[in-house]
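Everything on this sheet refers to the single structure shown next.
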Amino acid sequence: MKKEEQARRRIVAFFFTLVAIVMVGGVWILKSDTDSSVTLASQERQADANQAPADVNEQGGKVARPDHNHPAFKERIDERKRMVATQIRARDVKDPNVLKAMQIVPRHAFMPASQRRYAYGDYPLPIEHGQTISQPYIVAFMTDALKLGPGSRVLEIGTGSGYQAAVCAEIAREVYTIEIVEGLAKTAKERLKKLGYKNVFVKAGDGFFGWPDKAPFDAIIGTAAAKRIPEPLLEQLKPGGRMIIPTGSAWGFQYLELVTKDKEGKIRKSKVMPVRFVPMTGEVQK
Numbered sequence: 005m006k007k008e009e010q011a012r013r014r015i016v017a018f019f020f021t022l023v024a025i026v027m028v029g030g031v032w033i034l035k036s037d038t039d040s041s042v043t044l045a046s047q048e049r050q051a052d053a054n055q056a057p058a059d060v061n062e063q064g065g066k067v068a069r070p071d072h073n074h075p076a077f078k079e080r081i082d083e084r085k086r087m088v089a090t091q092i093r094a095r096d097v098k099d100p101n102v103l104k105a106m107q108i109v110p111r112h113a114f115m116p117a118s119q120r121r122y123a124y125g126d127y128p129l130p131i132e133h134g135q136t137i138s139q140p141y142i143v144a145f146m147t148d149a150l151k152l153g154p155g156s157r158v159l160e161i162g163t164g165s166g167y168q169a170a171v172c173a174e175i176a177r178e179v180y181t182i183e184i185v186e187g188l189a190k191t192a193k194e195r196l197k198k199l200g201y202k203n204v205f206v207k208a209g210d211g212f213f214g215w216p217d218k219a220p221f222d223a224i225i226g227t228a229a230a231k232r233i234p235e236p237l238l239e240q241l242k243p244g245g246r247m248i249i250p251t252g253s254a255w256g257f258q259y260l261e262l263v264t265k266d267k268e269g270k271i272r273k274s275k276v277m278p279v280r281f282v283p284m285t286g287e288v289q290k
């Protein structure tokens, strides 16, 4: 009897051991599957922040705002405050969103090291590829003219250093910016990503044609002087939208031209300020 009892106990013990092994194995398999799915989701989220999303609401309806974690945002703060007070507010730019954006964005981070000491002066400065970064007041004036809000979608023609795009991105939901000089587009894209501008999308191309698959836009801003306002940009401006763009010849008179489109699609244009910008190149010159 003792032998039979011992044999029965061994069978029961083996059975419970087997059950325990299966349960532990099941937990390990479940944990492995769960970890794998989390890793894949994380990898998807690490996609290039400067590639325009197929759906602007793909992040759960939340707007990806600039994060301001880069050290440049904590540098030269007093210089930016003086710039805003003496160059911008003193010239009647009153929109508090524009003033705040100009004070936040570190202009010195958008130019070559050789020019950074002059970053908050009242003038344009040279950047790479023979181009310029606009005078702070002009950046503020043009941004103010667009009347941006937190839901605005902006198209910029002429990324340049990326500074104007960053200023708009502090206010608007999304900024789509096009640069015809491929080297500048690459540099600006890397710079904006490094500075934490997750709502700015950069591509190299001819801005004459706009960005049709992301149209219509609430606001369009041009940062190079066009001989004429490109027709595709007028088409891509949303009814009720506003555009500001320099027009005129490379060597003659240039003006900032404000364009509005009413709810019925009627276009109105007005010249608001004489300026001097580098010329827009590409299709517009034909």
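In my numbering, the protein residues as written are 5 to 290.
For every residue, glycine included, the Cβ atom is placed at its ideal position computed from N, Cα and C.
For Glu178, DSSP records a beta bridge to Arg157.
DSSP places Pro100 inside the alpha helix (DSSP H), whose first and last residues are 100-108. Boundaries of the alpha helix (DSSP H) around Gly187: 186-199. Taking the Cβ atoms as the reference, Leu237 lies roughly 10 Å from Ile225, outside the contact range of under 8 Å.
Cβ neighbours of Gly155 within its own chain (closer than 6 Å, five residues either side excluded): Arg177. Taking C-beta atoms as the reference points, Pro278 and Leu262 fail to come closer than 9 Å. For Gly245, the secondary structure class from DSSP, reduced to helix, strand or coil, is strand. Secondary structure of Asp217 (DSSP, three-state): helix. Assignment of Met115 by DSSP, reduced to helix, strand and coil, places it in the coil class. Residue pairing by DSSP places Leu238 opposite no residue, since no beta bridge is assigned to it. Pairing Phe205 with Lys66, the inter-Cα distance amounts to about 16 Å. Linking Phe114 to Ala228 through their CA atoms gives a straight-line distance of about 17 Å. The residues Leu103, Met106, Gln107, in chain order, have a CB closer than 7 Å to that of Val88 in the same chain once the five nearest residues on each side in sequence are set aside.
Exclusion of the five residues before and after Lys267 leaves Pro243, Gly244 as the residues of its chain whose Cβ lies within less than 8 Å of its Cβ. In the structure shown, Leu150 adopts helical secondary structure according to DSSP, grouped into three states. At a cut-off of 3 residues, the continuous stretches assigned as beta strand (DSSP E) that sit fully inside the stretch 258-289 are 258-265, 271-278. Here Gln91 has Asp126, Pro140, Tyr141 as same chain residues with Cβ atoms under 7 Å from its own Cβ, once five neighbours each way along the sequence are excluded. Below 8 Å, enough C-beta pairs join the stretch 156-172 and the stretch 183-193 to call them touching: three or more. By the criterion of a C-beta distance shorter than 7 Å, Lys85 is surrounded in its chain by Gln107, once the five residues flanking it on both sides are discounted. The three-state reading of DSSP puts Ala170 in helix, counting H, G and I together. Counted as a single uninterrupted DSSP element, the alpha helix (DSSP H) harbouring Lys85 occupies residues 81-87. Per DSSP, the unbroken beta strand (DSSP E) holding Ala208 starts and ends at 204-208. For the 9 Å CB-CB criterion, Lys231 and Met146 do not form a contact. Only residues of its own chain outside the window of five on either side were considered, and among them Gln240, Lys242 have a CB closer than 6 Å to the CB of Pro220, listed in chain order. Contact between Thr136 and Val282 holds: their C-beta atoms lie close to 6 Å from each other, under 8 Å.
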